[in-house]
Amino acid sequence: QVQLVESGGGLVQAGGSLRLSCVGSGTIFSFNAMGWYRQAPGKQRELVATITSGGTTNYADSVKGRFTISRNGARNTVYLQMNSLKPEDTAVYYCNAELHRNMYWGQGTQVTVSS
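Numbered per the working numbering, the sequence shown spans residues 965 to 1079.
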């Protein structure tokens, strides 16, 4: 059974940095696209960043220039380096991965940015 486990969330002051990690397990195959989404209270889940197996990245406009997504394909691990954090980045961050046309989600990790 495929599982995704996130870590690295926490409380940080505005302007600070955090690094999220997501480790996938339960498969001998490498995931295709992997990514990060987030959901703030009262809002819909939104895309933060994605990265393909070939390394092509895509970012939400709101995080461009501040966040960097990377992955270790051999280990089915994806990272999100978040710099210059803002209070509006506060949300639960979810890891996402696609394999054989199936989508998988982690349980989420809370990121809180204080002003």
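Glycine included, each C-beta is placed from N, C-alpha and C at the ideal position.
Rounded to whole angstroms, what's the CA-CA distance from S1034 to Y1043? Just pull it up for me. Whole-angstrom Cα-Cα distance: 5 Å.
Per-residue burial, V1077 [other beta carbons within 10 Å of its own, 16 or more giving buried]: So V1077 ends up on the buried side.
Would L968 and C986 qualify as a contact pair, given that the criterion is a beta-carbon distance under 7 Å? Less than 7 Å divides the Cβ of L968 from the Cβ of C986.
For A1004, three-class secondary structure by DSSP: Here A1004 sits in coil by DSSP.
Taking only runs of the beta strand (DSSP E) that begin and end inside the region 983-1056, which ones reach a length of at least 3 residues, in chain order? Qualifying beta strand (DSSP E) stretches, in chain order: 998-1003, 1010-1015, 1021-1023, 1031-1036, 1041-1046.
Express the C-alpha separation of S981 and F995 in angstroms, rounding to a whole number. Approximately 27 Å, taken between the alpha carbons.
Using only CA atoms, which one of T1032, R1009, V1027, Y1068 lies nearest to T1020? The residue with the shortest Cα to Cα distance from T1020 is T1032.
Can you tell me whether DSSP reads A1061 as helix, strand or coil? A1061 sits in a strand when the DSSP states are folded into three classes.
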